[in-house]
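Counting from 4, one number per residue, gives the positions in the sequence shown under my numbering.
All C-beta atoms, glycine included, are put in the ideal place defined by N, C-alpha and C.
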Amino acid sequence: MYDTDVSDSPELRELRDAVCGVATAGPPTVESIIARGRAQRRQRRTRATRFSVGGVVLAGALALGVSLAVTPAQKLGTLERAAYTLRHNANGTDTLTLNPVELLNPAQLQSDFAQYGIPAKVTSGSYCTTTPRPAGFSQVVSTQQGGPHTTQPTPVEHPTLTIDPPQIPSGTELSVGYFQLTSGPAAGEQQANMSLINTDSYTCSSTPPDMTKPDMSNQDLGLLYGGPNPPPGS
Numbered sequence: 004m005y006d007t008d009v010s011d012s013p014e015l016r017e018l019r020d021a022v023c024g025v026a027t028a029g030p031p032t033v034e035s036i037i038a039r040g041r042a043q044r045r046q047r048r049t050r051a052t053r054f055s056v057g058g059v060v061l062a063g064a065l066a067l068g069v070s071l072a073v074t075p076a077q078k079l080g081t082l083e084r085a086a087y088t089l090r091h092n093a094n095g096t097d098t099l100t101l102n103p104v105e106l107l108n109p110a111q112l113q114s115d116f117a118q119y120g121i122p123a124k125v126t127s128g129s130y131c132t133t134t135p136r137p138a139g140f141s142q143v144v145s146t147q148q149g150g151p152h153t154t155q156p157t158p159v160e161h162p163t164l165t166i167d168p169p170q171i172p173s174g175t176e177l178s179v180g181y182f183q184l185t186s187g188p189a190a191g192e193q194q195a196n197m198s199l200i201n202t203d204s205y206t207c208s209s210t211p212p213d214m215t216k217p218d219m220s221n222q223d224l225g226l227l228y229g230g231p232n233p234p235p236g237s
């Protein structure tokens, strides 16, 4: 007894495949039937191969698309705004240079900070703080002036700050309070104050910090840096 199923031999399969495609115009020969069967089998294998290759290409394209989607966006080199320039440095820090003759747009600054990976709360007409203030501010923000973190450059100067985002402690963010002063000896000038705050615990005040009392603890920074129409002699 043979285990091989003769009814399913390669020769008979070729005959079955070929008979299905034989025209009824005349009696086919055995050779023509076998030739047609082989041609049909080759066509099916070709279609299957094309589908397989197409699937691989499609899978590769999808994989590339996913890879591009999850790749973090590269930090911008330099952002030029009317009121400031924000530059990313090769050492991982960011440099913010303020233009004293243009009014700051706090919402825009917060958006640009986010693009550079700087967690921050930038407010206009108020300043948010946490008591006690989180430690580490002097490692996060530094100025070209050095010394106590209160500076009062003349209107022609461009205050420059260096921000080191990796130094911002977990659970905190940078608080920036911006004021357009309309009264007092500094009327017409702009004031910006910065410190670290706990992301989920802070209070905000609409009273600008007193710039005549510098914070000697290096946990705060205050800038009085002119404006479009600074008072005479400032």
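Quick check on Asp203: does DSSP put it in helix, strand or coil?
Here residue 203 refers to the residue found at position 200 of the sequence shown. Note: Asp203 maps to coil in three-state DSSP.
Between the CA atoms of Leu184 and Ser198 - distance to the nearest angstrom
The sequence position of residue 198 within the sequence shown is 195, counting from 1. The sequence position of residue 184 within the sequence shown is 181, counting from 1. Looking at the two C-alpha atoms, the distance is approximately 20 Å.
If Phe182 and Gly128 are in contact, beta carbons under 8 Å, what's the gap, nearest whole angstrom?
The sequence position of residue 182 within the sequence shown is 179, counting from 1. The sequence position of residue 128 within the sequence shown is 125, counting from 1. Right, the Cβ-Cβ distance comes to about 6 Å (below 8 Å), so this counts as a contact.
Mind checking whether Thr126 and Pro109 have CB atoms under 8 Å apart?
Numbered from its first residue, the sequence shown carries residue 126 at position 123. Numbered from its first residue, the sequence shown carries residue 109 at position 106. For Thr126 and Pro109, yes; Cβs fall inside 8 Å.
Output the distance between the C-alpha atoms of Thr81 and Ala117, rounded to the nearest integer angstrom.
The residue given as residue 81 occupies position 78 in the sequence shown. The residue given as residue 117 occupies position 114 in the sequence shown. The straight-line gap from Cα to Cα measures roughly 14 Å.
Could you tell me the boundaries of the beta strand (DSSP E) in which Ala123 lies?
Along the sequence shown, read from residue 1 onward, the residue named residue 123 stands at position 120. Here the beta strand (DSSP E) through Ala123 covers Ala123 to Ser127.
Evaluate Gln195 with the Cβ neighbour count: other Cβ atoms within 10 Å of its Cβ, from every protein chain shown; 16 or more gives buried, anything less gives exposed.
Reading the sequence shown from its first residue, position 192 is the one you call residue 195. According to the sequence provided, residue 195 is Ala. The question's Gln does not apply to it. Per the 10 Å Cβ criterion, buried.
Exposure of Glu83, with buried meaning 16 or more beta-carbon neighbours within 10 Å:
Within the sequence shown, the letter at position 80 stands for residue 83. Glu83 is exposed by the Cβ-count criterion.
Return the first residue and the last residue of the alpha helix (DSSP H) that Val143 is part of.
As a working note, residue 143 is residue 140 in the sequence shown. Its alpha helix (DSSP H) spans residues Phe140 to Val143.
Express the C-alpha separation of Glu176 and Gln113 in angstroms, rounding to a whole number.
Position 110 of the sequence shown, counted from the first residue, corresponds to residue 113. Position 173 of the sequence shown, counted from the first residue, corresponds to residue 176. Roughly 11 Å separates the two Cα atoms.
If we call anything under 8 Å between Cβ atoms a contact, is Thr146 one with Thr163?
Residue numbering aside, residue 146 sits at position 143 when the sequence shown is read from its first letter. Residue numbering aside, residue 163 sits at position 160 when the sequence shown is read from its first letter. Yes, these two residues count as a Cβ contact at 8 Å.
Report back the beta-carbon spacing between Ala190 and Leu227 to the nearest angstrom; my notes put them in contact at under 8 Å.
Position 187 of the sequence shown, counted from the start, is the residue given in the question as residue 190. Position 224 of the sequence shown, counted from the start, is the residue given in the question as residue 227. That pair is no contact at about 11 Å.
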